[in-house]
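Trainee: Here it is, the structure in full.
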Amino acid sequence: MSTVLVANRGEIALRVLRTCRELGHRTVAVYSTPDAGSAPVRYADRAVCIGPGPARRSYNHIPAIIEAARSTGADMIHPGYGFLSENPDLAEVCAAEGITFVGPPPPTMERLGNKASARAAMVAAGLPLLPGSVTAIDDAGEAAATAEEIGYPVIVKAAAGGGGRGMTVVRSRETFADEFRRTRAAALAVFGDSRVYVERYLESARHVEVQVLCDAHGGGVHLGARDCSVQRRHQKLVEESPAPGLPATVAAEMGAASVRGLLAAGYVGAGTVEFLVDGEGRYYFMEVNCRLQVEHPVTEAVTGLDLVAEQLRIAAGEPLRFGQEDVQLRGVAVECRINAEDPGRDFAPTPAVVEAFTPPGGPFVRVDTHVEAGYRIPPDYDSLLAKVIVWGPERDTALRRMDRALAELKISGERLVTTAGFLRTVLADPVFAAGGHDTALLERMRSTEAA
Amino acid sequence: MNTEIGAVLALLREHAVALAAAGPHPPGRVRVEAAGAAIELGWADTPSAPPPAPVAEPRHNGSVAVAEIAGHRVTAPTVGVFYRAPEPGAAPFVSEGDVVSAGQQVAIVEAMKLMIPVEADRDGRVAEVLVADGEPVEFGQPLVVLE
């Protein structure tokens, strides 16, 4: 039995705490002052206030997390997603303090966290890349020559970027030099690292990612693919597993390549390899996420595995208890993100007090949330309120079930607008319903609406 | 009739308490009415400004409830370990009865070997030091009471 400190907040903190409780671990929540009294704080065996609202002084403040672990005797830290989850410094400090960090070893995290070095590592493991620079380019002239060689449109991406930030699509050579400089400046400002690389931009592509588990003994399996093509400015809104329309042979090939790539990089834990897939079913490596992902429940629903439990077992040094042949994917799972955002005002956040909240229920519906009536949405953090996950034996049933669940969801408050209604229009879109959508779906829906 | 008003009042009170607890810090203004039914709570418009004293929320590590302490409370600037003196064996920064001025150091909180000074944020006389030397403290936890 361990004492696990969850260095996060909101729905993911509660979700991790629940698995800890099932496994019999003692639990510690940490919280900032606006999160005092929130659901995960009340759920944990102990809770420690680590700072004020701004994340840099609380959830992103390594000394505060470590002091909270020390004072509560925590021997494991689960970072959730976001915040410090992909911060090699926290992983290193944990190692120095004798605390087990639930995630990959710091050097692996460092190498894969940087998009440029991750690309180099995955090329070495034989994963296909989009045409472009394998490593970062500093010189605007050299970058322009690379863009010319690749052919427009190209995308300029910050090597340290992530979460959909720090990238610019450039459609013509006339604007390239300006956009290149601007992206570098923005990357330096946002990520403290100006390095960027250039690759071909696919106008029509799907975002498909593979969930991988690696133990500390050289074992690794993949748990199928998730399609996350329903995105708005690279922020995911709907995710599903398996990826619709992706031939099983291609999915298996991508899975095997992902395991190979992560094992070669010394990966340990749960990780995700993201790909773009073009209209011909060709796949290209994009990046590695060294953490649990928001959309992990769809994988849990089709595999029957608890990914957090697997993470904790792997972190404790246990070998995987199953091989690739034991992983059976069953049915289709879909997740919708209920955000406090107004789709009618370009998804502007709507911090407010949730006055009434009734989550959906019924067969094969899971809701991961920390929200309850009276919950005040803090302006300091992301706008995710709840994740609705459904399962069905086939995609049509799952989509109908999701629509039914979203219709049941009641959430209201003064000036509170959520994505729930908008998500139902996505489900009703004929292209989405047929599984033929790509990452341009929401843009297309918007322009159709405007016309 | 009176029992009906009583029931409305009880319900309003319950909602007001729940809303007050959900806020980032205790409300500065509360109004509860009955027959016409009304609740009103007001917070200052600075949600993430000065660290509110954590009252009324669950404490799991044995800290005493702090709601009834009178006087001004100097709170912990970070989570860490509380020290009354600059080094082991040295005289404490302050003791009960000492008069302090705003900006004067009254203690240390150590977070990962960083010694973070705790300073009085106003003039006053030390009425009580609430935490024992070497004890872990949370962010915002009251440390010293000034009168």
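From first to last, the protein sequence lines are chains A and B. When we follow numbering that gives the first Met the number 0, the leftmost residue of the first sequence carries the number 0, and every step to the right adds one. When we follow numbering that gives the first Met the number 0, the leftmost residue of the second sequence carries the number 0, and every step to the right adds one. Beta carbons: idealized from backbone N, C-alpha and C, even for Gly. It should be emphasised that the depicted structure is a prediction, and the values quoted were computed from it without experimental measurement.
1) Assess contact between the segment 190–202 of chain A and the segment 245–258 of chain A, defined as three or more Cβ pairs (one per stretch) separated by less than 8 Å. Is contact present?
2) B/Ala131 CB to nearest chain A CB: under 8 Å?
3) Ignoring anything shorter than 4 residues, give me the alpha helix (DSSP H) runs that lie fully in the segment 200–278 of chain A, in order along the chain.
4) Name the DSSP bridge partner or partners of A/Gln292?
5) When DSSP labels each residue in this structure, what does A/Gly165 get in the three-state scheme?
6) How would you write the range of the alpha helix (DSSP H) that A/Phe457 sits in, first residue to last?
7) Assign A/Asp138 to one of two classes, buried (16 or more other C-beta atoms within 10 Å of its C-beta) or exposed (fewer than that).
8) Determine whether the Cβ of B/Gly96 lies closer than 8 Å to any Cβ atom of chain A.
9) If you compare alpha carbons, which of A/Gly280, A/Gly373, A/Pro348 and A/Leu261 is closest to A/Ser411?
10) From the DSSP output, in three-state form, read off A/Arg443 for me.
11) I'd like to know whether the C-beta of B/Ala110 is nearer than 8 Å to at least one C-beta of chain C.
12) In chain B, which residues lie less than 8 Å from A/Cys48 when you measure between Cβ atoms?
13) Just the chain B side, please: which residues come within less than 8 Å of A/Thr357 by C-beta, in chain order?
14) Around the C-beta of A/Gly420, are 16 or more other C-beta atoms found within 10 angstroms, so that it is buried, or is it exposed?
15) Compare the Cα-Cα distances from A/Glu324 to each of A/Gly219, A/Pro296 and A/Leu383 and report the closest residue.
16) For a contact meaning CB atoms closer than 7 Å, what does A/Ala67 contact in chain B?
17) Closer than 6 Å by C-beta to A/Leu291: which residues in its own chain qualify, once you throw out the five before and the five after it? Chain order, please.
18) To the nearest angstrom, report how far apart B/Met114 and A/Lys386 are at their CA atoms.
19) Going by C-alpha distance, which of A/Ala157, A/Ile11 and A/Ile337 is nearest A/Ser132?
20) How far does the beta strand (DSSP E) with A/Phe356 in it reach, from first residue to last?
21) Which of the three DSSP states, helix, strand or coil, is assigned to A/Ala73?
22) Check whether the Cβ of B/Leu113 lies closer than 8 Å to any Cβ atom in chain A.
23) Name the DSSP bridge partner or partners of A/Thr2?
24) Around the C-beta of B/Ser100, are 16 or more other C-beta atoms found within 10 angstroms, so that it is buried, or is it exposed?
25) So the candidates are B/Ala110, B/Thr77 and B/Leu129; which of them puts its Cα closest to the Cα of B/Ala69?
26) Would A/Leu441 pass as a contact of A/Gln210 if the rule is Cβ separation under 8 Å?
27) In the DSSP output, which residue or residues are listed as bridge partners for A/Cys538?
28) Give the residues from the segment 18–35 of chain A that approach chain B closer than 7 Å (Cβ to any Cβ), ordered along the chain.
29) CA-CA distance, A/Glu413 and A/Pro348?
Mentor: Short version:
1) no
2) no
3) 247–263
4) Answer is none; A/Gln292 lacks a bridge partner.
5) strand
6) Limits of chain A in this structure are 0 at one end and 450 at the other, which puts residue 457 of chain A out of reach.
7) exposed
8) no
9) A/Gly373
10) helix
11) Looking for chain C here will not work: the only protein chains present are A and B.
12) Pro53, Val78, Glu137, Phe138, Gly139 and Gln140
13) Neighbours of A/Thr357 on chain B: none; closest Cβ ~17 Å, over 8 Å.
14) exposed
15) A/Gly219
16) Val78
17) Tyr80 and Ala269
18) 41 Å
19) A/Ala157
20) Ala355 to Thr357
21) coil
22) yes
23) A/Arg25
24) exposed
25) B/Leu129
26) no
27) Missing from the structure shown is residue 538 of chain A; chain A here goes from 0 to 450 and no further.
28) Thr32, Pro33 and Ala35
29) 14 Å
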